[in-house]
Amino acid sequence: MQNFQVSGIKINDVKVYGANTSELVIGLNIDANKGWFLKVKGWIYLRGTPDLDVETQTFRIKNVHLDANTEQAIVNGASWILSPIINAVASGIKIDIQRLVESQKERFQTITMEGYGVVKLDLNEFVIREIDITDSELEVRIKASGIVSTTIDLK
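Going by the numbering used here, the sequence shown runs without a break in its numbering and finishes at 173.
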């Protein structure tokens with residue numbers, strides 16, 4: 019992952035987890051140096067609700083807030099410094115699913131299954147209908163239509 023900054027706070031790493039409450043937990047490893055009076059380093063965890071707009075095929079995270087697993091020392095010493103990150107995550111995560119699918123379409127055209135054969139897809143519709151999150155997986159329900167052809171290895 020490439021490092022990036024939000025309001026002078028360097029984000030070194032990002033991890034995304036499912037929570038058993040149908041929320042996403044976003045872990046951010048931060049390095050904030052606000053001069054001689056405040057230096058903060060460590061993991062903060064934000065929690066938010068995934069939101070899929072089926073009509074516009076956009077995905078975002080709503081209701082972003084600090085998770086209880088954030089290191090207490092960071093929260094106690096610098097909770098005010100975290101608000102730009104919380105706001106950036108809350109407003110900045112918006113994924114245009116159709117654009118993402120279009121940019122990755124070639125990856126889905128030919129799927130080779132070693133020892134079994136090849137599946138070729140020519141999709142003319144690919145719409146995400148629902149997203150569910152558990153603590154162990156992300157389930158995505160899609161509607162796809164098009165032409166599927168298979169070649170089966172009979173070895």
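Beta carbons: idealized from backbone N, C-alpha and C, even for Gly.
Handout entry: Neighbourhood of W61 by C-beta distance below 6 Å, restricted to the same chain and skipping five residues each side
Key = For this step, residue 61 is matched to residue 43 along the sequence shown. If we look at W61 and ignore the five residues flanking it on each side, its Cβ neighbours are G45 and N47.
What is the DSSP secondary structure of S163, reduced to helix, strand or coil?
-> Position 145 of the sequence shown, counted from the first residue, corresponds to residue 163. Strand at S163.
Top-ranked residue by Cα proximity to G133, from R117, D171 and T39: Counted from its first residue, the sequence shown places residue 133 at position 115. Comparing Cα positions, the closest option is D171.
For this session: Could you tell me which of I113, K59, N105 and V158 sits nearest to T76, measuring between CA atoms?
Result: Counting from one through the sequence shown, the residue named residue 76 turns up at place 58. With distances taken between Cα atoms, T76 lies closest to I113.
Would G164 and E143 be called neighbours here (beta carbons separated by less than 8 Å)?
Reading the sequence shown from its first residue, position 146 is the one you call residue 164. Reading the sequence shown from its first residue, position 125 is the one you call residue 143. A contact, by the Cβ cut-off of 8 Å.
Open item on the list: Assuming V119 is part of the alpha helix (DSSP H), what are its boundary residues?
Closed with: In the sequence shown, counting from the first residue as 1, residue 119 sits at position 101. Counting along the chain, the alpha helix (DSSP H) containing V119 begins and ends at I115 to Q127.
Subject >> 8 Å contact criterion, which D69 and R78 should meet: CB distance rounded >> reply: As a position in the sequence shown, residue 69 is number 51, starting the count at 1. As a position in the sequence shown, residue 78 is number 60, starting the count at 1. So it is a contact: roughly 5 Å between Cβ atoms.
What residues in its chain sit with their C-beta under 6 Å from that of I129, if we drop five residues either side in the sequence? Locating residue 129 in the sequence shown gives position 111, where the first residue counts as 1. The answer, listed in chain order, is V137.
Q) For L64, does the count of other Cβ atoms within 10 angstroms reach 16, so buried, or fall short, so exposed? A) Numbered from its first residue, the sequence shown carries residue 64 at position 46. Buried.
Who are the near neighbours of K161 in its chain, counting only those whose CB is closer than 6 Å to its CB and skipping five residues on each side? As a working note, residue 161 is residue 143 in the sequence shown. If we look at K161 and ignore the five residues flanking it on each side, its Cβ neighbours are V145 and R147.
| task | Use the C-beta contact count for M19: other C-beta atoms within 10 angstroms, 16 or more gives buried, fewer gives exposed. | result | Taking the sequence shown and counting its residues from 1, the one referred to as residue 19 is at position 1. Low per-residue confidence applies at M19: pLDDT is 49, beneath 50, and the placement is therefore not dependable, though the value from the model is reported in the following sentence. M19 is exposed by the Cβ-count criterion.
Q | Proximity to V58 [Cα-Cα], best of T67, H83, I27 and G135 | A | What you label residue 58 is simply residue 40 of the sequence shown in a count that begins at 1. Comparing Cα-Cα distances from V58 to each of T67, H83, I27 and G135, the minimum goes to I27.
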